[in-house]
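Some notes on the structure that comes next.
Residue numbers (the UniProt record's numbering): 1 to 900.
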């Protein structure tokens, strides 16, 4: 590059230069000096050093080298010699490294654009630019690594008209004064997730035309005075944390062409403010808490090309006047409560490319041939409604458009639709939750072999492949769902490209072939609830990207291999209900990202794995019904099991005293933040050219609660439970248990515990289930326990308790079975009468077992009813999935069986 420039520029007089580059420069009419040079998009390649003849053009006012390839070289320090520059554009030109301080010597700069380069602005930093380049009107540093706060000195640059700092690592509080800059027309700081702030009040003199805050931590309310920004044409706050009402003053912004309010926390509201923004081409109101019908006034927005109202609670039918929006290319209405048929007017939207109607209550019969009218349509989602698909057998499938995304889940299909035979460009195909029987025909295996990325055939009645290949044929496949069918025979092996493979709840048998170890990109593997057997292949340890491994409810046997290599990425391992034996593999200690480990219901023979306490993310540890033996012992450090919040050691052979030293340091059980209802899950975002696709894997577990095996289809992040039942623990229940304030379930039954029930249990204000039965406990039941108002289940039976059963509140709901087998107890609900009720003593303070123990902090607690109401108190308790939106979730929650 430098030689190229030297040949053209070195020692050339201005007239000669004009001959060589007539289209790329301007000269001063009087002196003939080159004042402007534009070499943007000129296919230039290489690097520029400071001795380049380019820097001899000292009279340049404008220099544009954008959209070339300078091969990750640094911006040369020689740029300082171009001191007359007012305009410098080096954007998208593969410059890298630290931006040189010599840039600060270009004090006449009015416009500086270094965007879309792998550059760093650390020394000098953004504050240096604000202090030295005081004439700036345009500052564009998008995608430059700034990694700092925004300096308040930017508010001194009163000439600024445009600031673009997209995705530049900004953090801290945004200076509100920047919004008030008198000449600012464009402000873009989107995709800086750690940048916080709020939007101030606006007066009518603010000239803002373009405001982009999407993907930041901005919060608070959007002011009603936003309606004063009469020149605003682009407003994007998608994916922020705004709350409060959606301002009706948006109706005043009649110049808007782009409006994105998606994925915020606005109050429940309607679309009554929509209709006057007749220039809108893009409107995204995804997940903005909308309800009510889609208003007729939206039909006035005849320039709309993209309309998204998805993930709200909109009701009523899809309006027929949508046909007025003839420019629409994308229509997203999924995940609402819309009902009725798909109106025929939809088929008049001839420019439509994307139509997503899934997860509504739409009904009726859809004649698939009508979609031929939408010749540009490549994305069609009809899944999870109550629609029936009518496919005319005489349809000439060669005339159908080529789909990239086709969602036909829950469309009452009884066979693979013939319309698929001609689809050779599919990327996503969804056929789940239908009634397709029998074998998967060979022609399906040849479907879109080179393009298919995601295939879901789960929840049908499929029995296998017509011709079982050694490996499934789709060469680009990333996601494959075959779960909840009747697949028989050996495990189908997906192609090596696969990232997400779920084939649980089938009838597969035989051993896992070594071919599965060719899936080097595999992240999620769920083979649970089958009849697979044999040894686990040692080569599974070679799957270095594996994050989820679920093999529960099979017939695997032998030792669990030492297959967990250093750098292990696993976050969830479930081997429950198999026939594994021997000791736990110590290589599990390499899985430093592990959040859940379930080895329950096997034949493991080992001591308590205290060495797992080094895993910093481990939250759920289930070891029940094995052969763990010996005493638990003491933790080696005070940071052992730092995030543990569920432990199940039930039905083993553990001896000794209850592990009070662990109770002292389990911080994950002492407090929790219930600010949001979140669940343990893993996520992977699959890039699909026509759209983004986010796949989640929700962790599941089984615990014995109220004496019943209970399936937890989702695990709340703050669900806290201890089950040490069915062992040989002895001695007293330590008072320190009362410090585990986040506990919702405590089961110490079927041990050899002695002493009294500690009154410190009254501190467990969130406790919903307490089982101390089948021990040798003595003394009275602490009367303070009546204050545990969330307590839905209590079992103190078969001990040696005496005295009066406390009365009032929750204790009025417990039956005889809670107290049977204690001959010294009296009072309701037992038939044995007693008298002389005493006043309960005051609640105890926080306990520390001994002076040498680690000091403890008292954590605040917050009672969270989460919408259960009174019924929650009397029997519906934590761990159960929160009932939300659809009744079938309730049925799944309280049923016992296989996962969906």
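Beta carbons are placed, not taken as given, at the ideal position from N, Cα and C, and that holds for glycine.
- The beta carbon of residue 198 is closer than 6 Å to those of 220 in its chain, skipping five residues each way along the sequence.
- Ranking 497, 313, 175 and 271 by CA distance to the CA of residue 299 puts 271 first.
- According to the DSSP secondary-structure assignment, residue 826 is paired through a beta bridge with 804.
- Approximately 15 Å separates the beta-carbon atoms of residue 658 and residue 628; this is outside 8 Å, ruling out the contact.
- The secondary-structure analysis by DSSP pairs residue 596 across a beta bridge with 572 and 620.
- Sequence-distant Cβ neighbours of residue 376 in its own chain, meaning closer than 8 Å and more than five residues away, are 329, 350, 351, 352, 353 and 401.
- Taking C-alpha positions only, residue 813 is separated from residue 790 by approximately 12 Å.
- For residue 234, the enclosing beta strand (DSSP E) starts and ends at 234-236.
- Comparing C-alpha distances from residue 304 to each of 279, 290 and 320 shows the shortest one belongs to 279.
- Shown here for residue 289: same chain residues with a beta carbon closer than 8 Å to its own, the five before and five after excluded, namely 265, 266, 267, 268, 269, 312 and 313 in chain order.
- Under the Cβ criterion (8 Å, minimum of three pairs), the stretch 693-707 does not count as touching the stretch 625-644.
- DSSP places residue 126 in the helix class (H, G or I) of the three-state scheme.
- Of the residues assessed, residue 745 falls on the buried side of the cut-off, its CB having 16 or more other CB atoms within 10 angstroms.
- Residue 740 and residue 684 have their alpha carbons spaced roughly 34 Å apart.
- Here the C-alpha atom of residue 721 lies approximately 15 Å from the C-alpha atom of residue 595.
- For residue 581, there is no enclosing alpha helix (DSSP H); the enclosing beta strand (DSSP E) has its first and last residue at 579-582.
- For residue 391 and residue 529, the gap between their C-alpha atoms comes out near 35 Å.
- Contact between residue 502 and residue 481 holds: CB atoms are separated by about 5 Å, below the 8 Å threshold.
- Distance between residue 306 and residue 214, taken at the CA atoms: about 17 Å.
- In this structure, 432 is the residue among 432, 639 and 33 with its C-alpha nearest to the C-alpha of residue 454.
- The Cβ neighbour count for residue 498, taken over all protein chains shown within 10 Å, is at least 16; the residue is labelled buried.
- Rounded to whole angstroms, the Cβ separation of residue 513 and residue 532 is 11 Å, and the two are not in contact under 8 Å.
- Per DSSP, the continuous alpha helix (DSSP H) segment holding residue 663 begins and ends at 660-665.
- With 16 or more other Cβ atoms from the protein chains shown falling within 10 Å of its own Cβ, residue 404 counts as buried.
- Taking all protein chains shown into account, residue 103 has 16 or more neighbouring C-beta atoms within 10 Å of its C-beta and is therefore buried.
- In this structure, the CA atom of residue 259 is about 43 Å from the CA atom of residue 766.
- Taking C-beta atoms as the reference points, residue 441 and residue 473 fail to come closer than 9 Å.
- By a beta-carbon distance limit of 8 Å, residue 127 contacts residue 153. Their separation comes to about 6 Å.
- Put simply, the backbone Cα of residue 374 is about 11 Å away from that of residue 368.
- Cβ-Cβ separation between residue 585 and residue 564: approximately 7 Å, consistent with a contact (criterion under 8 Å).
- Boundaries of the beta strand (DSSP E) around residue 332: 330-332.
- If you draw a straight line from the Cα of residue 459 to the Cα of residue 359, it is about 16 Å long.
- Pairing residue 541 with residue 559 gives a Cβ-Cβ distance that is not under 9 Å.
- Leaving aside the five residues that flank residue 113 on each side, the residues in its chain whose CB is nearer than 6 Å to its CB run, in chain order, 89, 91 and 140.
- When the Cα atoms are used, residue 550 and residue 698 turn out to be separated by approximately 11 Å.
- The continuous stretches of alpha helix (DSSP H) do not include residue 657, which lies in the beta strand (DSSP E) extending over residues 653-657.
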